[in-house]
């Protein structure tokens, strides 16, 4: 038993410390929370209800009471970011240190694992909340720092403004900004990610206490047709990439002939550089479940599937726990909330194939087959899983549904642009200062996201491009940075919204090499069913490799463009149809880079090995000899304390000298 | 002791796994995942048993097992070394780390070292891009890995 279970264990709303006495201090709150088989106070209440379905208020009341008791109790609370990012950065170790320090001072505290706040580059993040006092968030918390924070703030009363990132909640502290007012957070609009970092994703009571499942109750009181109309009116479009109107998809499925009908959540987030769906599944799994139950009700489905990527074990565990809790509370399964509506779902783990993010391939995979797409002459809303009408939406799309029902279509449609409503969650990564998960209203420009929220490019480097839409998207150059985040406008500049990866690149990134990377990725992931994709990508990859190796020929760019056309026209599925985007967009915006590789055998970003030289600057070289010793080919010579020289005929461009030099005297030209 | 009795009972495990999913061949992928969890890979006799129990051609099992990158038909090493080669990790030095791993362990992607200590599997994205480049050994994440760190990480598991 660990500290984290203290909070989840107490049966009675007050006092919260009831289950605490035997708590050990072996840390790893996430593990404990995942493993915690015990139901919540809410579930027990329901179980004691003699079999009759609990109403939502019967579930909410004890949940709220537990939450209030936690917040108003006399014990400090340690909140720790326990999503994959946090755990990878060392959240468990930081927590362990904090717990040891608490014990050393004899302080009883609650420890609560939370989802991703989105400031991934500052993980591990740990918040300390004093009873009746401020909740302060600290970043990059090493075990030593964790001990120091606990000691300073909880024992000595010093909130350590020097280490703090910001305060969370109403109580403010002089000298510490509010977290929500930080430059990275302030321009954001958090709708889907609103409770991330504030609630324990493994505790259904936390979700219920924050208005969870209220939308479901409201939806079940409405006619399915009215629910559908509300979603249609909201203007919600699919967040998985295509941007198809969700309401229209639902209606086609509802009106399609055939029973049973299925709903599927696509959690096969395969785009490299994208982790929005992972964060949602890990940070607020109940929102996804609630959205799916509402969708199923509107469509008339009774069985659902969540297809989660194999690389996301934590998301699977969190969803599994959430499903079990929801079932226990009567929010899933037979006779949901006593309304007579029944719906259940299961989790399927992907096998590790990018193509399974494509709807028909995903359904084939769910049927136990090889994940090969089929031509969509007949849409999956009519003939989908097991040949039945099926609605497949992305994780973020489902998570938007409860918000729409709860706050209304008009409210939702008031956010965003003419054609794209609501917000969009992005993973902002690459060569940018503040990397992390961000949620912005549609219509915000890419420049605002990269330079205001992202804080611009680190070092003295220049911005070169931002890549959106994953391997199916494109690169957007600086002159189009004022393009707003909008499905249609991103198409116009040769990219796409995609699922939401925003990868920032600086001047050191070679666009030809990047196109080669994506083409190689797609070649490896092509299922091999149709010829244009299987063979075309392999040829494109060969040509791009040739160019990067300095063996490009005149006409190669035209040949690439021709192959792009073939792929667009003849490939079977969306993966193949969009596979040309990285090549096409880099040629469109960075043609000069291609030409320089081909004609001058030079890589302007100095990334392609052999297409640039290393040189030693005589003015700054102090003759320390580090580069001479590092060179595997003895290409560098020079006397001690004399400027060294590099023999270009011997150089193999390994870069060892550049790495060895501590005086910036080795440069790439 | 005969050789047969020393071998794992593939058939019994296959039966148990197939029953777990009520003999529904739609669950072939989870079944194979379970078998892999049990044995570390999918042994041919176990796959044959599954095909027989589900009354589907062995070729269907085989096609599924070879299609999905997480399923392995050969025994794996003691530790699974996963290297992220998503865009961000690639941009931030993942490809150099990949070279170093291949050099140091003398393996190609998907292969197992001679001493059976590591199986090397590059993946497309682990979804921890903010901490790039990322590497995993079994369930332990290593964030912001540099080429120099690679050797010392291996050393930990060699002890």
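Residue numbers (our numbering), protein chains in the order written: chain E, 23 to 691; chain D, 885 to 1043. All residues carry an ideal CB built from backbone N, CA and C; glycine is no exception.
| request: Could you confirm whether any beta carbon from chain E is found closer than 8 Å to the beta carbon of residue 983(D)? | output: no
| message | Does residue 271(E) pass the burial test, meaning 16 or more other C-beta atoms within 10 Å, or should it be called exposed? | response | buried
| query | By how many angstroms is the C-alpha of residue 296(E) removed from the C-alpha of residue 487(E)? | reply | 17 Å
| field | C-alpha gap between residue 368(E) and residue 327(E), whole angstroms | value | A direct Cα-to-Cα measurement between residue 368(E) and residue 327(E) gives close to 5 Å.
| task | Give the DSSP-derived three-state secondary structure of residue 52(E) in the structure shown. | result | In this prediction, residue 52(E) has a pLDDT of 36, which is less than 50 and means its spatial position is unreliable; nothing more can be read from the coordinates.
| Pairwise C-alpha distance: residue 912(D) and residue 902(D) | 9 Å
| query | Just checking, does the stretch 279 to 290 of chain E make contact with the stretch 482 to 500 of chain E on the three C-beta pairs under 8 Å criterion? | reply | No: the two stretches stay apart, fewer than three of their Cβ pairs being nearer than 8 Å.
| For residue 957(D), does the count of other Cβ atoms within 10 angstroms reach 16, so buried, or fall short, so exposed? | exposed
| task | Taking C-beta pairs closer than 9 Å, name the residues in chain D that residue 291(E) reaches, listed in chain order. | result | 1009, 1011
| field | Span of the alpha helix (DSSP H) around residue 132(E) | value | Where residue 132(E) is concerned, there is no enclosing alpha helix (DSSP H), although the beta strand (DSSP E) it sits in stretches over 132 to 136.
| field | Beta-carbon spacing of residue 563(E), residue 585(E) below 8 Å | value | No, Cβ-Cβ distance for residue 563(E) and residue 585(E) is not below 8 Å.
| field | chain D contact for residue 633(E) (CB, 8 Å cutoff) | value | no
| task | Go to residue 284(E), then tell me how far its beta strand (DSSP E) extends in each direction, as first and last residue. | result | 284 to 289 is the extent of the beta strand (DSSP E) around residue 284(E).
| Looking at residue 951(D) and the ligand SAM, is the gap between the Cβ and the nearest heavy atom below 7 Å? | Looking at this structure, you won't find the ligand SAM or any other ligand, since it has none at all.
| field | Whole-Å CB distance - residue 120(E) paired with residue 86(E), under 8 Å assumed | value | Residue 120(E) to residue 86(E), Cβ: 28 Å. No contact.
| request: For my contact list, residue 601(E) and residue 427(E) are in at a C-beta cut-off of 8 Å; report their separation, rounded to the angstrom. | output: About 37 Å separates the two Cβ atoms, so there is no contact after all.
| CB-CB under 7 Å to residue 268(E), same chain, minus the five flanking residues each way: which ones, in chain order? | 253, 258, 259, 260, 415, 419
| message | Taking the straight line between their C-alpha atoms, what separation do you get for residue 356(E) and residue 148(E)? | response | For residue 356(E) and residue 148(E), the distance between alpha carbons rounds to 40 Å.
| Under a Cβ-count criterion, where at least 16 other Cβ atoms within 10 Å of its own Cβ denotes burial, should residue 422(E) be classed as buried or exposed? | buried
| said: At the level of alpha carbons, what is the spacing between residue 341(E) and residue 378(E)? | reply: In this structure, the CA atom of residue 341(E) is about 20 Å from the CA atom of residue 378(E).
| task | Apply the 10 Å Cβ neighbour rule to residue 196(E) and answer buried if 16 or more other Cβ atoms are within range, or exposed otherwise. | result | exposed
| query | With a CB to CB cut of under 8 Å and the five nearest residues on each side skipped, what residues in its chain are close to residue 599(E)? | reply | Within the same chain, residue 599(E) has close Cβ partners 589, 590, 593.
| Inter-residue Cα distance where the pair is residue 927(D) and residue 967(D) | 25 Å
| said: Can you confirm whether residue 449(E), when its beta carbon is compared against all beta carbons of chain D, has any partner nearer than 8 Å? | reply: yes
| For residue 352(E) and residue 366(E), the rounded distance between their alpha carbons | 11 Å
| field | Beta carbon proximity, residue 909(D) to chain E, threshold 8 Å | value | It does: the Cβ of residue 909(D) has a partner Cβ on chain E nearer than 8 Å.
| query | Can you list, in chain order, the residues of its chain whose CB lies under 7 Å from that of residue 688(E), leaving out five sequence neighbours each side? | reply | 636, 638, 649, 679, 680
| said: Quick check: is the beta carbon of residue 917(D) nearer than 8 Å to any beta carbon in chain E? | reply: yes
| query | Going by Cα to Cα distance, which pick from 631(E), 597(E), 218(E), 620(E) is closest to residue 138(E)? | reply | Out of 631(E), 597(E), 218(E), 620(E), the CA that lies nearest to the CA of residue 138(E) is found in 218(E).
| What are the complete alpha helix (DSSP H) segments, minimum 4 residues, inside the stretch 316 to 404 of chain E? | DSSP runs (the alpha helix (DSSP H)) wholly in the stretch 316 to 404 of chain E: 335 to 350, 381 to 388.
| Near-chain D residues of the stretch 246 to 270 of chain E - C-beta to any C-beta below 9 Å | none
| residue 933(D) CB to nearest chain E CB: under 8 Å? | no
| task | Please decide whether residue 914(D) counts as near chain E, where near means a Cβ-Cβ distance under 8 Å. | result | yes
| task | Could you give the DSSP three-state label for residue 505(E): helix, strand or coil? | result | coil
| request: With 8 Å as the threshold, decide whether the Cβ of residue 971(D) is near any Cβ in chain E. | output: yes
| said: Do residue 1001(D) and residue 962(D) have their beta-carbon atoms positioned less than 8 Å apart in this structure? | reply: yes
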